[in-house]
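J.: There's a structure below that I have some questions on.
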Amino acid sequence: MKKNRIGVSFLLLCLTLALLFTGCKGQKAPPEDTVATDTGEDSKTEENWVPTLPRGLSFGSETDPVQIRFLIAEPSRNKGGRFSERSICLEDFDETDTSASKVDSKVYGRNCLVEKNLGVLILPTVIDDGIITNTLYNDLLSGVSDFDVLCGYQAHDTAIAAAGLLADFNTLGSQDADYIALEQDYWSQTYNEALSYKGKMFWITGELSLRYLGGMYCTFVNLDRYKAMFEAEYGSIYDVVEAGEWTLDTMMTMSRAIWDDTDASGKADENDSVLGFVTEGCDMLDGMAIGAGVNFSERDSDGDISITFADNSKTQKAFSFTGKMHSFLYGDYGAYVPEKFNHSATSMTIFASGKALFTHDKIYQAENYLTDMKNYGIIPSPMLDSEQNGYRAAIHDGCTLFGLYRQSESLAAAAATLEAMAAISHTDVTTAYYDEALKSRYSRDPQSAKMIDLIRDSVYIDFAFGWGNSLNAIHNFFRDAVQKEPTSSMFRKYASGWKEALNKLTASLEEA
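Numbering (our numbering), first residue to last: 933 to 1444.
Right, here's the structure in full:
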């Protein structure tokens, strides 16, 4: 069994870190409804508990487990909040508390089962994502591995792979660690393939991340206001979606029609009694761009990547989206942008008050702001126009990505642990989070639940959006772009910088 050594350099950097979860060894048994039970018809026995893993696979024992150390990137503003990555770590869990989250109960039970069957001890450590790269470099220089699995924050941490710190999931077989079943539904093929480069795959994600499930962008609809003004003409809002007519133009038309310019200012503001649309205009624009069919990059048959925005012949859709959103947010369409970069608190609060017809945000925000709102619906992001080939859903750039630390001394055990956690999450944690939290707690009618399925099935990402932190923050381009009238030079002035950054990134990935 390897030694868990915390280097001096790591301690100096991480005095504020908390070891939030110390595994299930020596603790009480989890509640009976968790996956950790091993009796009865539904038990997951050691012989058949995770079908993708070899039967009887074990790396240690209950008294001498192999430690699997997770390093989890968590922005300080998320800690303790509902968007924290609690699918891996729990600050605490009291199995005797009947009001405790069923999701937390399932996570706890899953971890206990994985530890018991694989002979491992799961040890997550949370660190602010702003210093995760420095922490890993110091770890690398020390010559001793302090971590096994990295849980990166997509917007900030993907570059860790370009620095050569992660193992390639496609070559785990050569290291006797080929336990990740990437073809399984609980791993996102869309995400994993988009983030890969010429056969190399350093990051993966899927249902193991609650920030993947809850971070899907959607449109929230005030159903009372919609029904009172639009249902006679359009049918239900769900009919509009299913007919393929939920577009930016439709949203703009409805927003303008319902807006009550109470103070006669000619511009939507908080003094108006009814708003058509409210947004804080930050990361929601990332999601709306992808929803409108905008591609940030393309990949050719040889696997080479090109930045779509760097080619004037390919910017028509992005140009059109920018123009429409600028008109929508800053014209006379009843759209109100209360303030920039406030992480949607104001816009969601205004929507929750019943004043606005629409807002656009992440699905998890329903749990934060809409628990007292009696009648709202959830539908996809609007398409650019009716010619678009179906709805698309972006996931917030804080999605958790999982990597295996190349220097890990227990790579095989870490890979098997990650696979087991993902597989059990698919059958237990996702059910608790998605079906109960998203469909029942988040939505107020069964049609919204159907819409959530539609959103989940239409997740989209491309290489440049996923690697945006290495590409001059291209994934955040529209946050500033829509504030101006689009011009022919809007994309061109950034093109050379994007191309240079892409060439540097892909060269690093080829070397990694």
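For each residue, glycine too, the CB sits at the ideal point set by N, CA and C.
Note that the coordinates shown come from a computational prediction; the quantities given were computed from them, not determined experimentally.
So what does G1213 bridge to, in DSSP terms?
T.: According to DSSP, G1213 bridges with nothing at all.
J.: Compute every distance between the C-beta of H1358 and the non-hydrogen atoms of the ligand NAP, then say whether any falls below 7 Å.
T.: Summarising the ligand content, the structure contains no ligands, and the ligand NAP is consequently not present.
J.: What do you reckon, are the CB atoms on P983 and I1020 nearer than 8 Å?
T.: Contact: no.
J.: Given a cut-off of 8 Å, decide if F1395 and A1094 are closer than it, judged by their beta-carbon atoms.
T.: No.
J.: Beta carbon of F1260, beta carbon of A1250: below 8 Å?
T.: No, the pair does not count as a contact, with Cβ atoms beyond the cut-off.
J.: Cutting at 7 Å between CB atoms, please list the residues of its own chain near V903, excluding the five before and the five after it.
T.: Here the chain comprises residues numbered 933 to 1444, so residue 903 is not present and cannot be evaluated.
J.: With a cut-off of 8 Å on the beta carbons, I'd call T1179 and D1317 a contact; round off their distance for me.
T.: About 5 Å; that satisfies the 8 Å criterion.
J.: Taking the alpha carbon of K1159 as the point to measure from, which residue in S1375, A1348, N1307 and T1194 has its own alpha carbon closest?
T.: When each option's Cα is compared against that of K1159, the closest is N1307.
J.: Enumerate in chain order the residues of its own chain whose CB-to-CB distance from L1445 is below 7 Å, with the five nearest sequence positions on each side excluded.
T.: This structure cannot settle anything about residue 1445, because the visible part of the chain is limited to 933 through 1444.
J.: Specify, as a first and last residue, the run of the alpha helix (DSSP H) that K1038 falls within.
T.: Unbroken alpha helix (DSSP H) run through K1038: K1034 to L1050.
J.: Between the segment 1077-1093 and the segment 1321-1334, are three or more C-beta pairs nearer than 8 Å?
T.: Touching, yes.
J.: Per DSSP, what kind of secondary structure is E1230 in: helix, strand or coil?
T.: Strand.
J.: Under three-state DSSP, which class holds G1429?
T.: G1429 falls in the helix class under three-state DSSP.
J.: Thinking C-beta only, is I1000 closer than 8 Å to S1357?
T.: For S1357 and I1000, no; Cβs fall outside 8 Å.
J.: Could you check which residue in A1354, T1185 and S1440 has the C-alpha nearest to that of D1117?
T.: When each option's Cα is compared against that of D1117, the closest is A1354.
J.: Apply the 10 Å Cβ neighbour rule to G1531 and answer buried if 16 or more other Cβ atoms are within range, or exposed otherwise.
T.: One cannot answer for residue 1531 here, as it falls past the ends of the chain, which runs 933 to 1444.
J.: Between the alpha carbons of K960 and A1381, how many angstroms are there, rounded?
T.: Residue confidence for K960 is low, a pLDDT of 42 falling below 50, so the modelled location carries little weight; the figure read from the coordinates is stated next. About 36 Å.
J.: Could you give the C-beta distance for A1344 and A1109, rounded to a whole number, given that I count them as a contact under 8 Å?
T.: A1344 to A1109, Cβ: 4 Å. Contact.
J.: Comparing C-alpha positions only, which one of Y1129, I1310 and L1142 sits nearest to W1119?
T.: Checking every option, the nearest Cα to that of W1119 belongs to L1142.
J.: May I ask you to verify whether the segment 1146-1160 touches the segment 1285-1299, counting CB pairs closer than 8 Å and requiring at least 3?
T.: The segment 1146-1160, when compared against the segment 1285-1299, does touch it at the 8 Å Cβ threshold.
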